[in-house]
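A quick write-up on the structure given underneath.
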Amino acid sequence: MRPRPPVQGRGIISGTGLVMVCLAATLVALLLPVLSYLGRSDEGGSGGGVDVLNAQSVVTPYGPLSALDREFVTKVRLAGLWELPAGVQAEEKGTTDAVRTAGRHLVEGHAFLDERARDVAAKLGLPLPNEPDEQQRTWLAELDAARGRAFDWTFANTLRVAHGRVFSLVAQVRAGTRNSLVRALADDANSTVLDHIRVLEATGLVDYDALARELAASGTPSSTRSSAPPGLTGDPGTVVPLSPPPDPNPDPNPAPSYALPPAATSPPPS
Numbered sequence: 001m002r003p004r005p006p007v008q009g010r011g012i013i014s015g016t017g018l019v020m021v022c023l024a025a026t027l028v029a030l031l032l033p034v035l036s037y038l039g040r041s042d043e044g045g046s047g048g049g050v051d052v053l054n055a056q057s058v059v060t061p062y063g064p065l066s067a068l069d070r071e072f073v074t075k076v077r078l079a080g081l082w083e084l085p086a087g088v089q090a091e092e093k094g095t096t097d098a099v100r101t102a103g104r105h106l107v108e109g110h111a112f113l114d115e116r117a118r119d120v121a122a123k124l125g126l127p128l129p130n131e132p133d134e135q136q137r138t139w140l141a142e143l144d145a146a147r148g149r150a151f152d153w154t155f156a157n158t159l160r161v162a163h164g165r166v167f168s169l170v171a172q173v174r175a176g177t178r179n180s181l182v183r184a185l186a187d188d189a190n191s192t193v194l195d196h197i198r199v200l201e202a203t204g205l206v207d208y209d210a211l212a213r214e215l216a217a218s219g220t221p222s223s224t225r226s227s228a229p230p231g232l233t234g235d236p237g238t239v240v241p242l243s244p245p246p247d248p249n250p251d252p253n254p255a256p257s258y259a260l261p262p263a264a265t266s267p268p269p270s
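Under the UniProt record's numbering, the first residue of the sequence shown is numbered 1, with each subsequent residue one higher.
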């Protein structure tokens with residue numbers, strides 16, 4: 001018998017099928033990264049972030065109030081609860097004019113900010129603390145125990161670290177808040193905190209290397225925001241106003257601010 005000639009069409013079809021399979025595989029390989037990216041964007045991208053923001057916000061007559069907004073108002077209050085007493089100590093125990101001047105700025109600045117924070121909280125129905133937190137009580141205890149140049153050093157560096165942390169939070173809130181009351185409070189806080197940073201640095205005692213390490217270690221200001229916003233209260237409760245102690249010899253014509261003395265240079269206490 002003579003061998004049957006090969007069927008030409010079958011080979012052509014097999015070759016064409018192989019080419020089609022290769023093209024399909026290539027197309028899938030190209031599409032997978034795009035689909036994966038789109039999936040990540042839906043879960044954690046801008047859309048997801050907006051959903052979280054809306055879920056954590058409550059409606060007020062002054063604009064939406066986010067979880068970060070509420071945290072900010074509370075932290076302004078907390079800052080005054082320990083930084084105003086720290087300023088009083090600096091006025092009484094500071095060994096240089098620069099330290100005592102920084103203390104006066106802290107007392108005046110936080111008395112003003114506390115009044116603003118209480119007003120904002122009352123209008124928004126936000127409860128506020130009346131006691132500093134555990135970390136702030138520890139800082140106050142360290143200042144209580146310090147004397148002389150050791151007090152100056154501890155005061156300048158502890159307060160400078162604290163103001164550096166809150167400065168980042170103020171900027172974050174001011175950039176993104178949709179609430180007009182919080183926006184105005186952030187403006188006041190920004191000016192006050194920057195003033196305090198400057199007067200603390202004018203003491204000549206700030207250790208900038210230690211400051212940079214501390215701020216780098218702490219990172220972005222922490223947030224205790226929950227997944228759902230707490231309801232605003234009609235009565236936020238009794239909030240005790242912060243006010244500086246009475247001056248036994250008040251100036252009949254007080255100046256609105258204090259001139260900074262020349263920066264002092266002093267080595268750290270041994």
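C-beta: ideal position from N, C-alpha, C; glycine also.
Quick one, are the C-beta atoms of residue i and residue j less than 9 Å apart?
i	j	result
A117	L106	no
R174	R160	no
E71	L215	no
V206	A156	yes
T101	V199	yes
K123	L181	yes
Let me confirm a value: residue i is counted as buried when at least 16 other C-beta atoms fall within 10 Å, else exposed. Which label applies?
i	result
D144	exposed
D209	exposed
E131	exposed
A217	exposed
T238	exposed
V59	exposed
D42	Residue confidence is low: D42 scores 45 on pLDDT, short of 50, so the model does not pin down where it sits. Its coordinate-derived value is still stated next. Exposed is the call here.
Of the choices the options, whose alpha-carbon is the least far from that of residue i?
i	options	result
G176	V58, T60 and D69	D69
Q135	R100, L81 and A212	L81
E91	G148, K75 and P64	G148
P241	T60, A121 and T154	A121
V50	V88, A102, T96 and R178	R178
D133	Q172, V76 and S191	V76
Which residues in the same chain have their Cβ closer than 7 Å to the Cβ of residue i, if we skip the five residues on either side of it in sequence?
i	result
D188	L113 and R116
V193	H163, V166, F167 and V170
D195	H105 and G109
Can you give me the Cβ contacts of residue i inside the same chain, cut-off strictly under 8 Å, excluding the 5 residues immediately before and after it?
i	result
W139	W82, A86, T158 and A162
E142	T154 and T158
L211	N157, R160, V161 and G164
I197	R160, H163, G164 and F167
Starting from residue i, trace the alpha helix (DSSP H) both ways and give me its first and last residue.
i	result
A101	Note that residue 101 is Thr in the sequence shown, not Ala. From DSSP, the alpha helix (DSSP H) with T101 extends over D97 to L124.
S191	S180 to E201
R137	E134 to A145
T60	That residue, T60, is in no alpha helix (DSSP H); it is neither H nor E in DSSP.
S218	Y208 to S218
L159	G148 to G176
T74	A67 to K93
Apart from the five residues just before and just after residue i, which ones in its own chain have a Cβ nearer than 6 Å to its Cβ?
i	result
L84	V107, H110 and L242
T265	At T265, the pLDDT of 39 sits below 50, so the modelled position is not reliable; the number obtained from the coordinates is stated separately. Counting only Cβ-Cβ distances below 6 Å, and skipping sequence neighbours, we find G204.
P64	S57 and R178
L185	R116 and V120
F151	K93
L99	Before going further, note that residue 99 is Val rather than Leu in the sequence given. Answer for V99: A90, D152 and T203, listed in chain order.
A146	T154
Y62	N179, S180 and L181
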